[in-house]
Amino acid sequence: MQMTCFQAFSRGDESTMLRWENQLPGLSMPARLVHQMSPLKQDEAVLLANDIAANGLKAISAKNNNFCKRGRLLCDKSDIPNLDPCSVDSFLPYKRKLLDLIKDGFVGSCAQKTTLSDEAKQLHNTFFQLKDIVTVGQKLLFPDFHENGVSEKVSFLPHKVAQNIPFNSQHLSKLLAAFNIPSSGSEVLIKEMANTLKACEAPPSSIETKTCVTSIESMAEFISSVMGGSKVEAARSSLSTKKLSNQVVTVMGSKLLAPSTNKHVACHNMVFPYQVYYCHYVKDTNMYLVTLKEVKSGVVQNVVAECHMDTKPYPPNSLALVELKIKPGESEFCH
């Protein structure tokens, strides 16, 4: 966590906080999730959930025009054009069966190689080997996540509301209509929504346990189910790594946060009108906190890196193995 947040909670917030604490005792909710709680009042959430259960998605579209703003949802016309079109391609790897190969934003970069320095062109910027991220002084090219802050500012819907909304590709057109998303001018958002649904519907790999969560309560339940009775701690990268994108960085130090013998869950923010996270546990994975310094500006940031230590289950044409020029089982890869 990068900050501590104190705020007054509504009764709905208190319910969410209590369910989090019951599922994950001793783990404070990360500030990022606190900020992504639904601002809708509990009584409105109950009425809307009941309305959706009785009348379907048209109950959402019937809400007044400021519903998107009040709920901090990504369906307001002023926010939709701010989505980065480069990020659409970033989700293409999720269409593969081995979904754990890539975190969102690592592939499909719009950055032109010709705009990079000669030094940067020689460096990997998608996957790394363990020695690359633990060797002090090692230079790397940091990936471009195409962060624009739009999707991270989106709030969850209240749990009861999210439970009543069909979350699958078959209902995409109805979801677009429900949130009043026009076909013209919303092409990026529509593609992102389709990719999110496909990623969430795709089967897990043989070494992965996954789910997509549409509420904080569902996230807590999934983490608890994976971790069992183990003590749970939270770790995340600096609030934004945008300043490091496509920049040469130097490794200043690293720390093993969790060895492969310890289970850990990674949750990746997806793009949707309301907050959705792709959460998964991948076997034989080490987690590190790496301190990086941007060579040009001197900016120092901490980032979380995952290293898949056993690559035997991966096909030879996996993106990571191809880029690192290694064979299955020959070496680990990190991202």
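Residue numbers (the UniProt record's numbering): 1 to 335. Ideal placement from N, C-alpha and C gives every residue a C-beta, glycine not left out. From a predicted model like this one, the values you see are computed outputs, not experimental measurements.
Problem - chain B within 9 Å of residue 194, Cβ atoms only - result: Among the protein chains of the structure shown there is no chain B, as only one such chain exists.
Handout entry: residue 168 Cβ short of 8 Å to the ligand SAM heavy atom set
Key = Summarising the ligand content, the structure contains no ligands, and the ligand SAM is consequently not present.
Problem - Nearest-angstrom Cβ-Cβ length linking residue 290 and residue 133, presumed shorter than 8 Å - result: A Cβ-Cβ separation of about 5 Å places residue 290 in contact with residue 133 under the 8 Å criterion.
Exercise for the section: Would you please state the rounded distance, in angstroms, between the beta carbons of residue 299 and residue 280? I believe it to be under 8 Å. Expected result: Not quite, the Cβ-Cβ distance comes to about 30 Å (not below 8 Å), so this is no contact.
Problem - Assigned secondary structure, residue 208 (DSSP; H/G/I helix, E/B strand, else coil) - result: DSSP places residue 208 in the strand class (E or B) of the three-state scheme.
Exercise for the section: Would you list, in sequence order, the uninterrupted alpha helix (DSSP H) runs of no fewer than 4 residues that lie entirely inside the stretch 161-189? Expected result: As far as the stretch 161-189 is concerned, its whole alpha helix (DSSP H) runs of at least 4 residues are 172-178.
Practice task
Tell me whether the beta-carbon of residue 33 lies closer than 9 Å to the beta-carbon of residue 40.
Solution key: Taking 9 Å as the Cβ cut-off, residue 33 and residue 40 do not qualify as a contacting pair.
Practice task
Rounded to whole angstroms, what's the CA-CA distance from residue 183 to residue 66? Just pull it up for me.
Solution key: Note on geometry: alpha-carbon atoms of residue 183 and residue 66 lie some 20 Å from one another.
Exercise for the section: Assign residue 114 to one of two classes, buried (16 or more other C-beta atoms within 10 Å of its C-beta) or exposed (fewer than that). Expected result: Only weak support exists for where residue 114 lies, its pLDDT of 43 falling under 50; the coordinates are left without a value.
Handout entry: Straight-line Cα distance separating residue 251 from residue 139
Key = Roughly 6 Å between the two C-alpha positions.
Problem - In DSSP terms, what residue 288 is bridged to - result: DSSP lists 256, 305 as partners of residue 288.
Handout entry: Selected residue, minimal CA-CA separation from residue 258, among 224, 304, 203
Key = Ranking 224, 304, 203 by Cα distance to residue 258 puts 304 first.
Handout entry: Residue(s) in a DSSP beta bridge with residue 269
Key = Under DSSP, residue 269 shares a beta bridge with 277.
Problem - Limits of the unbroken alpha helix (DSSP H) element including residue 321 - result: The continuous alpha helix (DSSP H) containing residue 321 extends over residues 319-324.
Exercise for the section: Quick one: grab the DSSP three-state call for residue 293. Expected result: Looking at residue 293 - three-state DSSP - the assignment turns out to be strand.
Problem - Buried/exposed call for residue 18, threshold 16 Cβ in 10 Å - result: Its Cβ having fewer than 16 others within 10 Å, residue 18 is exposed.
Exercise for the section: Can you say whether residue 131 is buried or exposed, counting buried as having 16 or more other CB atoms within 10 angstroms of its CB? Expected result: The residue is exposed, with fewer than 16 neighbouring Cβ atoms inside 10 Å.
Practice task
Rounded to whole angstroms, what's the CA-CA distance from residue 152 to residue 274? Just pull it up for me.
Solution key: Between the alpha carbons of residue 152 and residue 274 lies a distance of about 10 Å.
Exercise for the section: Indicate whether the contact test is met: 3 or more Cβ pairs, each with one atom in the stretch 200-215 and one in the stretch 163-181, closer than 8 Å. Expected result: A contact is defined here as three or more CB-CB pairs under 8 Å, and the stretch 200-215 meets this definition with respect to the stretch 163-181.
Handout entry: From 326, 307, 306, residue whose alpha carbon lies closest to that of residue 349
Key = Residue 349 lies beyond the range of the chain shown here (1 to 335); nothing can be said about it.
Exercise for the section: Please say whether residue 221 and residue 36 have beta carbons closer to each other than 9 Å? Expected result: Cβ distance not < 9 Å, so residue 36 and residue 221 don't count as in contact.
Practice task
Could you check which residue in 77, 159, 57, 263 has the C-alpha nearest to that of residue 43?
Solution key: Checked all of 77, 159, 57, 263; the closest Cα to residue 43 is 159.
Problem - residue 33 - containing beta strand (DSSP E), residue span - result: It is not in any beta strand (DSSP E) - residue 33 instead sits in the alpha helix (DSSP H) that spans 31-35.
Exercise for the section: Within 10 angstroms of the Cβ of residue 286, are there 16 or more other Cβ atoms? Answer buried if so, exposed if not. Expected result: Per the 10 Å Cβ criterion, buried.
Exercise for the section: Please list, in chain order, all residues of the same chain as residue 97 whose beta carbon is under 8 Å from its beta carbon, the five residues on each side excluded. Expected result: Caution is warranted here: a pLDDT of 29 is assigned to residue 97, below 50, making its placement in the model unreliable, and the coordinate value is therefore given only provisionally. 202, 203, 205.
Handout entry: Inter-residue spacing [alpha-carbon to alpha-carbon] between residue 80 and residue 194
Key = Between residue 80 and residue 194, the C-alpha separation is close to 15 Å.
Practice task
Measure from the alpha carbon of residue 20 to the alpha carbon of each residue in 75, 282, 224, 269, then state which is nearest.
Solution key: Taking residue 20 as reference, the option from 75, 282, 224, 269 with the minimal CA-CA separation is 224.
Exercise for the section: Report all residues from its chain with a CB closer than 7 Å to the CB of residue 172; omit the five preceding and five following residues, and keep chain order. Expected result: Taking C-beta separations shorter than 7 Å and ignoring five residues to either side along the sequence, the partners of residue 172 in its chain run 193, 194, 197, following chain order.
Problem - Nonlocal neighbours in the same chain, by C-beta distance under 8 Å from residue 69, ignoring five residues either side - result: Here the set comprises 76.
Practice task
Tell whether a beta-carbon distance below 9 Å holds between residue 83 and residue 157.
Solution key: Result no, Cβ atoms of residue 83 and residue 157 do not sit closer than 9 Å.
Problem - Among 136, 219, 301, the one whose alpha carbon lies nearest that of residue 269 - result: When each option's Cα is compared against that of residue 269, the closest is 219.
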